[in-house]
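Chains as they are written, first to last, in the working numbering: chain A, 1 to 319; chain B, 1001 to 1319; chain C, 2001 to 2319; chain D, 3001 to 3319.
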């Protein structure tokens, strides 16, 4: 027998190709193309996929999908909000599909959200085509939605926030976001955080294949600016990889009673959830928190060994 | 501008296609095909890939790769070996590439390893083409290597083991392994475990997309047979998904001093590693252990809600 | 240098996969999905592609595209119509997108067209989404459009035709058309052809890779029933292969003055075009005719050596 | 029913991707990789494919395959050799796999062949791995094989030839061949042709999708230099497209008795074949000749309308 490939297993149909790295693709079967077009800033596709339901794709990269966006967004939002002592005012940079906003608005403590997404076109498309992502959040009276550059706005605004959430597209050369991953930007953001405030940012892939692409550099850079920094990681199926985040605590807050966030007992997290939120979450709870904040050895080593500090002059880019 | 797809980004070259689910493919760029052929039991390809180096593919599914097999194999072997009170005799079912064997042989405490891989052809190919995987383990005097059916052998052998490791191909309909994932088989295996002995098995994908395919059923089935059962999960890049394992403790051992394996302090694990192993491991340590054993909420819920018990009459299959 | 594949050339975006054979795919970049759904008989996709513009895909196979359907349809229709002595009444089997109809209606001599396409759903979709294909033909007063089985209709209808055009989907096992490629069907069709009438059918791929799949058998079968048979072939870009047709002349007509169709001088064809048609065609003229009817040596040999006669009991299928 | 794509038809295995245009790929299943590497000039892959057998791929583009290279090479060589009045001395530019040489050496009239292929590495690999392509031709005493630039050599050599065959890789920007498709080069070549000599070159894709990429410009350019020029086209399965050639006659020969090559009766060609060659050819005969030289209408129109003349200063490139 000369050929190990089963003749009966053959490819047909419509598929979306996406590069995970230059040598590895994730390929999704497409049921339909709900929208395809170009805004002022980027190409936008909303695909109906078999595996993930509706999927938002910006400049060819999957941003969030109906099936698993709750894993990404709960992981991004809740550690910051739950461990913020007040959690009254929240700044969101990016997050155009509205799901970060939706998670933030679950907190009754939150009185004001300023959300800046540069690309009004994307926000409008998500509002129309991805209702589950925002769940009406765009109509919430606590929201001030602006379509401006987040860095410029933060640098000049007159208020400060309890929580700053950076739900940005990856730092791509020539893209709209790479100046929101630099030391200079984090210093600006810190200056608009209240005492004890928390900043959290998505930080790129965390898998063994490509965790040094930007995650370790972002973690190192933030740790230069903030007194306490926590990289953490969650597996996101639609990204086919472990995904990284970095959370940082500002000085001056009550802190976490001397317990580092990575060591918090699951029961403490679960207690905060039942006190601060009207109901349980789908992905995030005490044990999920412990998983997220207990990094694989290679990530801890990689962050420890990282020497790059991302600056305006030496930004970091993803492939 | 009519087209959001960048014209300059075009696909060329040689790629290996692999189904993660029926609607999702992982596609790897191939540098070379080191071997392609068919043994008595299955097709075997050894590919040289850009992302993962040498990769062993059986019946079209990636089994382990040079880049990240240490993550898979350390996760499979070390929790069982470290928490085995004696760890003298070890049974390995499957594991043809020799990497499970390599990890087991790191322990000086291990005096005897019986390894059964049905497919002598695969073992020979791995011995030749994947030297890093076995690292000479096939020549270790402690090894008895046999090419027989693991279930038949266990049922009739006269000895018992401290640790049984099941490093099997996924349960595929008509494939060689699905009868090694049933309650009847686990009862046979338990009968050949020493008091306090440990059984561990790979248990299929654990990502949100397909964790109910077989992982939850295997976990439930094993928990019917053993007094203490621990499902755990690690992200394996070459599988593009979180991967599941199930570890079970037999009655009669010293146990873990009343501390459940999932709650063990990282320092305890690290202490065992320095006591029992000649040097640190690459992936597995105390904090990686905590990550692996702290399951995402959906997995805990899914395992809790699972009602399927896998039996010889009602086996479970992966797609 | 270890890798010959240029790193900069990478695949992204949305693509339609189509099997040319089981080991060869044509893959088209998709701009948008205009329609995707299922009628009573088959799946229908209308894709907007970069290479071919709008493309009609039935059961996963490209049927005709905006860019090059004129090549396919002119090749199918005009040899039959031009060499029909009267060309007043025309029967079309299949042809749901309306382009065969459009070509037929170019002839003022045509007084009546009976078109049977089983699948009303496809016809409606093409009418809506592919206006260039039918160009208003569905509203022409000469047309009687029916959604019934063509074989059943021909067997029982009371009229006969000058030209019968079979623009059918390929004969697929279990598909709607394979009983329209058998000797019994051709005998029925012949019985409804006027003296000197012409039958023409599409007949599957004609490239060196797969011309024996069905083309040679169809040609042989038709030659058993008709006194004069002409296989011919045209390259259709969207099919990525040479495509076969078979034309047959009924007894009793003036014929072609003893000149076989394959030997006709280009000037004769061009003269007929200027006499019978209001204007030139895009693809078909005297020299294109000579190309189409001058078959490559392997096709002539393959047809000569073919022994299969397609019957109701032994139908022919494409993969 | 929500999805028209049959769930059972799924892609697996190893495939070679190749761009036909930037929006269209041909994808071949690979059985094995016989060779992959890089010479001084280009990357070379010899793939064992299911559809085409052994396939030579240079810089990612299929050059010729075991299954159908006879179609390409017979089409390239025999019109030129058969209509050359003497056919004693032949110059081959390129043609590293040796199949053009093999076809030339079929003629007993041929006394001397000078073959220049820049890339000795490719020639050696083909000699070793593609024995059917050259069939021993490299050992023929009539051959002088050199590894130098064909233009430089022709410009300075002291002899002239009856036939010049240009079997070059496509003109790619930065590639080794684009200066062998310019007016200046054709003038050099003409100066080394004997009276009545013939030059023939491969000339890129001729399908409706991309015939203007370079074929029309090459045809126009050659017609500026030679008194009689014949573009012709053959469908090559492994290229998934119609392929173009241009043949040109030098002044001073007996010519073809006033009959243009495109109008020659099949019987005349067949007569020459039996007179000049020891046995029939596989693809090329009188009727295949008529097919090749009877161009589709769009090609004749495209060549007629072409205004580009390819010069050293304004070369033509394929994508």
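All C-beta atoms in this analysis are idealised placements derived from N, C-alpha and C, irrespective of residue type, glycine included. Since this is a predicted model, take the numbers as computed values, not measurements.
Quiz prompt | Rounded separation between residue 2292(C) and residue 3181(D) - CA only | solution = Rounded to whole angstroms, residue 2292(C) to residue 3181(D) spans 30 Å at the Cα level.
Quiz item: chain B beta carbons: is any one of them nearer than 8 Å to that of residue 91(A)?
Solution: For residue 91(A), the nearest beta carbon of chain B is not closer than 8 Å to its own beta carbon.
Quiz item: Should residue 3014(D) be labelled buried (16 or more other beta-carbon atoms within 10 Å of its own) or exposed?
Solution: Buried: at least 16 other Cβ atoms inside 10 Å.
Self-check item: Residues sharing a beta bridge with residue 2143(C), DSSP
Solution: Per DSSP, 2113(C).
Quiz item: Touch check for the stretch 2099-2108 of chain C and the stretch 2133-2145 of chain C: three-plus C-beta pairs under 8 Å?
Solution: Under the 8 Å Cβ criterion, the stretch 2099-2108 of chain C counts as touching the stretch 2133-2145 of chain C, having at least three qualifying pairs.
Practice problem: State the DSSP-derived secondary structure class of residue 3296(D), mapped to helix, strand or coil. | Solution: Reduced to three states, the DSSP call for residue 3296(D) is coil.
Practice problem: Give the interface partners of residue 2013(C) over in chain A, defined as CB-CB distance under 8 Å, in chain order. | Solution: 16, 17, 60, listed in chain order.
Quiz item: Using the beta-carbon of each residue, which ones in chain D are nearer than 7 Å to residue 1328(B)?
Solution: Past the boundaries of the shown model lies residue 1328(B); chain B is included only from 1001 to 1319, so the question cannot be answered.
Exercise. For chain A, find out if any of its Cβ atoms is closer than 8 Å to the Cβ of residue 2036(C); answer yes or no.
Key: Closer than 8 Å to some Cβ of chain A, the Cβ of residue 2036(C) qualifies, so yes.
Quiz item: Leaving out the 5 sequence neighbours to the left and right, which residues in its chain are closer than 8 Å to residue 1270(B) when beta-carbon positions are compared?
Solution: Hits under 8 Å: 1285, 1286.
Self-check item: Three-state class that DSSP yields for residue 1205(B) in the structure shown
Solution: Note: residue 1205(B) maps to strand in three-state DSSP.
Quiz prompt | For residue 2248(C), the nearest candidate out of 2265(C), 2163(C), 2296(C) (CA to CA) | solution = Residue 2248(C) has its Cα closest to that of 2163(C), out of 2265(C), 2163(C), 2296(C).
Quiz item: In chain C, which residues lie less than 8 Å from residue 3021(D) when you measure between Cβ atoms?
Solution: Per Cβ cutoff of 8 Å: 2051.
Quiz item: Does the beta-carbon of residue 314(A) have 16 or more other beta-carbons within 10 angstroms, so that it is buried, or is it exposed?
Solution: Exposed: under 16 other Cβ atoms inside 10 Å.
Self-check item: Residues that DSSP places opposite residue 1192(B) in a beta bridge
Solution: Partner(s): none; residue 1192(B) has no beta bridge.
Exercise. Give the range of the alpha helix (DSSP H) segment to which residue 1072(B) is assigned.
Key: Annotation for residue 1072(B): the continuous alpha helix (DSSP H) segment containing it runs 1069-1082.
Quiz item: If you drop the 5 nearest sequence neighbours on each side, which residues of the same chain put their C-beta closer than 8 Å to that of residue 241(A)?
Solution: So the list reads 20, 205, 206, 207, 209, 210, 235, once near-sequence residues are dropped.
Quiz item: Below 8 Å between beta carbons: does that hold for residue 290(A) and residue 1075(B)?
Solution: Result no, Cβ atoms of residue 290(A) and residue 1075(B) do not sit closer than 8 Å.
Quiz item: Does the distance from the C-beta atom of residue 2096(C) to that of residue 2117(C) stay below 8 Å?
Solution: In contact: residue 2096(C) and residue 2117(C) (Cβ atoms closer than 8 Å).
Quiz item: Would residue 3363(D) count as contacting chain C if we go by Cβ distances under 8 Å?
Solution: Limits of chain D in this structure are 3001 at one end and 3319 at the other, which puts residue 3363(D) out of reach.
Self-check item: Top-ranked residue by Cα proximity to residue 216(A), from 128(A), 225(A), 203(A), 82(A)
Solution: Per the Cα distances, 203(A).
Practice problem: Find the residues of chain D that neighbour residue 1108(B), judging by a C-beta separation of less than 7 Å, and give them in chain order. | Solution: Here the premise fails: no neighbours, minimum Cβ distance about 42 Å.
Quiz item: Among 2261(C), 2239(C), 2041(C), which has the Cα closest to the Cα of residue 2024(C)?
Solution: Taking residue 2024(C) as reference, the option from 2261(C), 2239(C), 2041(C) with the minimal CA-CA separation is 2239(C).
Quiz prompt | chain D within 8 Å of residue 1046(B), Cβ atoms only | solution = False, the Cβ-Cβ gap to chain D never drops below 8 Å.
Quiz item: Cβ of residue 3344(D) within 8 Å of Cβ of residue 2237(C)?
Solution: This structure gives no information on residue 3344(D), because the portion of chain D shown stretches from 3001 to 3319.
Self-check item: Alpha-carbon to alpha-carbon, residue 2134(C) and residue 2092(C)
Solution: Their backbone Cα atoms lie some 14 Å apart in a straight line.
Quiz item: Among the residues of its own chain, which have a CB less than 8 Å from the CB of residue 2149(C), if the five just before and after it don't count?
Solution: The residues 2116, 2118, in chain order, have a CB closer than 8 Å to that of residue 2149(C) in the same chain once the five nearest residues on each side in sequence are set aside.
Exercise. Determine the closest residue to residue 3169(D) out of 3275(D), 3318(D), 3136(D), 3188(D), with distance taken between C-alpha atoms.
Key: Residue 3318(D) holds the alpha-carbon nearest to the alpha-carbon of residue 3169(D) among 3275(D), 3318(D), 3136(D), 3188(D).
Practice problem: Would you give the residue range spanned by the alpha helix (DSSP H) that residue 2262(C) belongs to? | Solution: Looking at the DSSP string, residue 2262(C) is not in any alpha helix (DSSP H), and its letter there is neither H nor E.
Quiz item: Is residue 227(A) buried or exposed, if buried means 16 or more other CB atoms sit within 10 Å of its CB?
Solution: Burial call: exposed.
Exercise. Just tell me which of 3129(D), 3244(D), 3112(D) has its CA closest to the CA of residue 3036(D).
Key: Residue 3129(D) is the option with its Cα nearest to residue 3036(D).
Exercise. Determine, using beta carbons only, whether residue 1010(B) comes closer than 8 Å to chain D.
Key: At residue 1010(B) the pLDDT is 41, less than 50, meaning the model places this residue with poor confidence; the figure from the coordinates comes in the next sentence. With 8 Å as the cut-off, residue 1010(B) counts as an interface residue toward chain D.
Self-check item: Per-residue contacts from residue 2032(C) into chain A (C-beta, under 7 Å)
Solution: Neighbours of residue 2032(C) on chain A, chain order: 33, 36.
Quiz item: Does any C-beta atom of chain B lie closer than 8 Å to the C-beta of residue 5(A)?
Solution: For residue 5(A), the predicted structure reports a pLDDT of 38, less than 50, and the residue's modelled location is therefore unreliable. A value from the coordinates is still provided. Chain B, which has a Cβ nearer than 8 Å to the Cβ of residue 5(A), makes this yes.
Exercise. Consider the Cβ of residue 2317(C): report whether some Cβ of chain A lies at a distance smaller than 8 Å.
Key: Cβ-Cβ to chain A under 8 Å: no for residue 2317(C).
Quiz item: If you draw a straight line from the C-alpha of residue 165(A) to the C-alpha of residue 232(A), how long is it?
Solution: Between residue 165(A) and residue 232(A), the C-alpha separation is close to 15 Å.
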